[in-house]
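Reading through the structure tokens given below for one structure.
Protein chains in written order, with my numbering: chain V, 1 to 120; chain G, 1 to 308.
Here it is as structure tokens:
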């Protein structure tokens, strides 16, 4: 049995950064982020959010192999903001969005509960 | 909340049906990537409780130890206590308990075949709220028979200790909190009025009948074709084929709306369907927040050497 341990899919090994970035050596204002123990869920989510930013000229993600538990996100900007800054903004917006969805969902749950209890 | 980012969306949520084990809601004004992330998280990253370790003391049944351990793992356990538990891979120092210990000790003494079910499990006295879904001691109610683990004949015995733990579906499918979770793109059907006017009344009625789902309606008064129960459209393409057959391609156009999604969440009884959604949103938020806080300060930080 040489199968990798199941937990390797979601436990970041000791001493490894959850997220790191490397500047592109050939293209200006471009960088590659490496996200450890993430997959399409977060990769596609961040890519689509980055593409909404007008400063971003390129954003793409790659999940290289099902047994490599990390993704790469490549970003290039126009130059007013660095790749790190656009990533920071994208993550802020997404955080806010999910917080927003959660409070709206909870509001709806309360609405459903109160309307159904009215018939009892 | 801070000022609204210029690229921030303002999504809307509308719940249509809410039961303990089923939730149907509409998520709109957002992106498919958000809908799909939510779906993926609900399925595979919402923590629940399941039996993870089994210590077998005595097993003289026809099933081998591993087989029984696997069956025990798949028994759904009521997981409302999961929020006060710590998972094996979570950082130490977090408060909360890790193990829930259940025992099973049965021996068949009668000549008749005995059925060992999830109802024979003895719960952890410290955590009696963690029990199999539908756990009951009412042996005579056929509705509450429990989940069959193994059948025994006379003098067979099964004695074991099972430890239930917090986990996620990514680790093993037994921790998946839902039976099904799906989202559907809202269809958008537009009728080309000018082209429709070239059809005879009979042709219009035939066109309406061509769709197996009641997506179109023929208005007897205005003699017009109208769209009806749009979201019942099954992407069957029958209406499009009929338009083609009538020699009028482009009579209707059907598209998947990219900003409106119908979610259907079917729970297994482990967690309430609404709690699955709320926890999933929490997990996603925490995930993104962790990423943001661990974003390096400098513009060039490689992952530590020696690690890919």
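Built from N, CA and C at the ideal position, the CB exists for glycine as well.
Annotation: Cβ neighbours of residue 14(G) in chain V (cutoff 8 Å, chain order): 108. Listed in chain order, the positions of the segment 284-300 of chain G with a beta carbon within less than 7 Å of a beta carbon of chain V are 284, 285, 287, 288, 289, 290, 291, 292, 294, 295, 296, 299, 300.
By the beta-carbon neighbour count (other beta carbons within 10 angstroms, threshold 16), residue 197(G) is exposed.
Taking C-beta atoms as the reference points, residue 102(V) and residue 281(G) count as a pair closer than 8 Å. Residue 244(G): not part of any beta strand (DSSP E); member of the alpha helix (DSSP H) spanning 238-245, first to last residue. With 16 or more neighbouring CB atoms inside 10 Å of its own CB, residue 61(G) falls in the buried class. For residue 224(G), the three-state secondary structure derived from DSSP is strand.
At a Cβ-Cβ threshold of 8 Å, residue 92(V) and residue 292(G) count as neighbours. By the neighbour-count definition (other C-beta atoms within 10 Å, threshold 16), residue 287(G) is a buried residue. From the beta-carbon of residue 197(G), no residue of chain V is found nearer than 8 Å; the closest lies around 40 Å away. Listed by position along chain V, the residues whose Cβ is nearer than 9 Å to that of residue 34(G) are 45, 48, 49, 94, 97, 98, 101.
Straight-line measurement puts the Cα of residue 278(G) at about 32 Å from the Cα of residue 103(G).
The CB of residue 63(G) never comes closer than 9 Å to any CB in chain V; the least such distance is about 22 Å.
Interface residue (Cβ-Cβ distance to chain V less than 8 Å): residue 37(G) is classified as such.
Counting C-beta atoms within 10 angstroms of its own C-beta, residue 152(G) has 16 or more neighbours from the protein chains shown and is therefore classed as buried. Put simply, of 63(V), 48(V), 112(V) the residue whose alpha carbon is nearest the alpha carbon of residue 56(V) is 48(V). Of the other Cβ atoms in all chains shown, fewer than 16 fall within 10 Å of the Cβ of residue 155(G); this residue is therefore exposed. With fewer than 16 other Cβ atoms inside 10 Å of its own Cβ, residue 110(V) counts as exposed. Nearest in C-alpha terms to residue 87(V), of all of 100(V), 79(V), 50(V), 108(V), is 50(V).
Leaving aside the five residues that flank residue 125(G) on each side, none in its chain has a CB nearer than 6 Å to its CB. According to DSSP, residue pairing for residue 67(G) in a beta bridge does not occur. By the Cβ test, the segment 243-256 of chain G is in contact with the segment 182-191 of chain G, since at least three Cβ pairs between them sit closer than 8 Å. Pairing residue 246(G) with residue 199(G) gives a Cβ-Cβ distance under 8 Å.
When the alpha-carbon of residue 187(G) is set against those of 261(G), 88(G), 169(G), the nearest one is in 261(G). Taking a Cβ-Cβ threshold of 8 Å, the residues of chain G close to residue 112(V) are 15, 18, in chain order. Residue pairing by DSSP places residue 48(G) opposite 167(G) in a beta bridge. Here residue 23(G) has 265, 273, 274 as same chain residues with Cβ atoms under 6 Å from its own Cβ, once five neighbours each way along the sequence are excluded. Residue-level contact by beta carbon holds for residue 19(V) and chain G, with a gap shorter than 8 Å. Annotation: Cβ neighbours of residue 11(V) in chain G (cutoff 8 Å, chain order): 89.
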